[in-house]
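One structure is given here, and the rest of the page talks about it.
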Amino acid sequence: LVNEKYHDEL
Amino acid sequence: MNIFRLAGDLTHLISILVLLLKIYATKSCSGISLKTQELYALVFLARYLDLFTDFVSVYNTVMKLVFIGSSLAIVWCMRMHRIVKRSYNRELDTFRHYFLVAGSFVLALVVHEKFTLQEIFWAFSIYLEAVAILPQLVLLQRSGNVDNLTGQYVFFLGAYRAFYILNWIYRYFTEQRFGRWISWISGLVQTALYADFFYYYFMSWKNNAKLQLPA
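Protein chains in written order, with my numbering: chain A, 28 to 37; chain B, 172 to 386.
What follows is the structure, encoded as structure tokens:
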């Protein structure tokens, strides 16, 4: 599961 | 943000600064694959589509702008700068990188987190980044000797992804429900591609010899 709606990593 | 990710981002930034230093200091781009640089520019442009829609942090936005700007500057330099472009090894840099772009895009159409434009381009950029170093590694093997700055460039580029793998392990154990298997698998493949380079780089460093990659 993805724990946030957007990608916080570069 | 954790120390592994910060170290990874800074190592990535260092690799780009080493490359820019080499090009500006020596006014030469010999030993550098233009195709790899074009692939990286494409990776950043495809990955940071959310630059103006999702604000994560000042750090995140600044680093995205730096990565996009520096990768485009390197490609511009190697293509347009009248002194630098003369030293480009056009005859050695013959990897057909269009296949890497096409393959990554097809894979992103099949394997992604959500079927939205942004997510498909994000997955595409993750897959493309994993293979983007191939033209550079092929060029290094063909050109035989590796000059120091180019060797350091590839070394830092590999180290950055290795730090990210530690970051993913850390986040997996500290954040519940952290699942980024597209990044994990692709990141492992990317780091594995550097493995043989790391081996020869370490051996040359240990024997204090010039880095020679087997043809």
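C-beta atoms are modelled at their ideal positions from N, C-alpha and C, and glycine is treated no differently.
Contacting residues, own chain, Cβ-Cβ under 6 Å from residue i (five flanking each side not counted)
{"i": "Ser357 of chain B", "result": "Ile297, Tyr298, Ala301"}
{"i": "Ala178 of chain B", "result": "Phe334"}
{"i": "Glu290 of chain B", "result": "His283, Glu284"}
{"i": "Leu191 of chain B", "result": "none"}
{"i": "His183 of chain B", "result": "Tyr331"}
{"i": "Val317 of chain B", "result": "Leu311, Leu382"}
Per-residue DSSP class, three states only, for residue i
{"i": "Gln383 of chain B", "result": "strand"}
{"i": "Asn316 of chain B", "result": "strand"}
{"i": "Ser354 of chain B", "result": "helix"}
{"i": "Val309 of chain B", "result": "helix"}
{"i": "Lys193 of chain B", "result": "helix"}
{"i": "Glu346 of chain B", "result": "coil"}
{"i": "Ser186 of chain B", "result": "helix"}
{"i": "Ser199 of chain B", "result": "coil"}
{"i": "Val214 of chain B", "result": "helix"}
{"i": "Leu37 of chain A", "result": "coil"}
{"i": "Phe373 of chain B", "result": "helix"}
{"i": "Met234 of chain B", "result": "helix"}
{"i": "Ile304 of chain B", "result": "coil"}
{"i": "Phe175 of chain B", "result": "helix"}
{"i": "Asp225 of chain B", "result": "coil"}
Own chain, CB closer than 8 Å to residue i, minus 5 neighbours either side, in chain order
{"i": "Tyr372 of chain B", "result": "Gly322, Val325, Phe326, Leu382"}
{"i": "Val189 of chain B", "result": "Leu320, Gln323, Tyr324, Phe327"}
Residue of the options minimising C-alpha distance to residue i
{"i": "Met249 of chain B", "options": "B:Lys377, B:Glu209, B:Glu284", "result": "B:Glu209"}
{"i": "Ile194 of chain B", "options": "B:Arg257, B:Ala380, B:Tyr343, B:Ser314", "result": "B:Arg257"}
{"i": "Val360 of chain B", "options": "B:Tyr370, B:Asn379, B:Ala303", "result": "B:Ala303"}
{"i": "Ala279 of chain B", "options": "B:Ala294, B:Leu181, B:Ser354", "result": "B:Ala294"}
{"i": "Thr207 of chain B", "options": "B:Val277, B:Leu311, B:Tyr219, B:Thr232", "result": "B:Leu311"}
{"i": "Ile353 of chain B", "options": "B:Gln347, B:Ser314, B:Val281", "result": "B:Val281"}
{"i": "Val272 of chain B", "options": "B:Val229, B:Glu346, B:Thr232, B:Pro306", "result": "B:Pro306"}
{"i": "Ala244 of chain B", "options": "B:Tyr219, B:Phe368, B:Leu205, B:Leu288", "result": "B:Leu205"}
{"i": "Phe238 of chain B", "options": "B:Ile187, B:Phe226, B:Ser228", "result": "B:Ile187"}
{"i": "Ile203 of chain B", "options": "B:Arg176, B:Leu236, B:Val229, B:Glu262", "result": "B:Glu262"}
{"i": "Asp35 of chain A", "options": "B:Val227, B:Asn260, B:Lys377", "result": "B:Val227"}
{"i": "Phe368 of chain B", "options": "B:Gly315, B:Asp221, B:Asp225, B:Gln347", "result": "B:Gly315"}
{"i": "Asp221 of chain B", "options": "B:Thr287, B:Trp376, B:Asn378, B:Ala380", "result": "B:Thr287"}
Inter-residue spacing [alpha-carbon to alpha-carbon] between residue i and residue j
{"i": "Val214 of chain B", "j": "Leu337 of chain B", "result": "22 Å"}
{"i": "Ala212 of chain B", "j": "Asn173 of chain B", "result": "26 Å"}
{"i": "Arg342 of chain B", "j": "Met251 of chain B", "result": "42 Å"}
{"i": "Val29 of chain A", "j": "Leu328 of chain B", "result": "Low per-residue confidence applies at Val29 of chain A: pLDDT is 44, beneath 50, and the placement is therefore not dependable, though the value from the model is reported in the following sentence. In a straight line, the C-alpha of Val29 of chain A is about 26 Å away from that of Leu328 of chain B."}
{"i": "Ile115 of chain B", "j": "Phe223 of chain B", "result": "Only positions 172 to 386 of chain B appear in the structure, and residue 115 of chain B is not among them; the question remains open."}
{"i": "Ala366 of chain B", "j": "Leu308 of chain B", "result": "11 Å"}
{"i": "Ser242 of chain B", "j": "Phe344 of chain B", "result": "33 Å"}
{"i": "Arg313 of chain B", "j": "Met234 of chain B", "result": "33 Å"}
{"i": "Leu37 of chain A", "j": "Thr232 of chain B", "result": "9 Å"}
Cβ-based neighbour list, residue i, same chain, cut-off 7 Å, excluding 5 preceding and 5 following
{"i": "Arg351 of chain B", "result": "Trp339"}
{"i": "Thr265 of chain B", "result": "none"}
{"i": "Lys198 of chain B", "result": "Ile254, Val255"}
beta-carbon residue i near the ligand NAP non-hydrogen atom, thresh 7 Å
{"i": "Ala303 of chain B", "result": "In the structure on display, the ligand NAP does not appear, and there are no ligands present to speak of."}
Inset, instruction - Mind listing, in chain order, the continuous alpha helix (DSSP H) runs of no fewer than 4 residues lying wholly within the stretch 243 to 286 of chain B? - result: For the stretch 243 to 286 of chain B, whole alpha helix (DSSP H) runs of length 4 or above, ordered along the chain, are 268 to 281.
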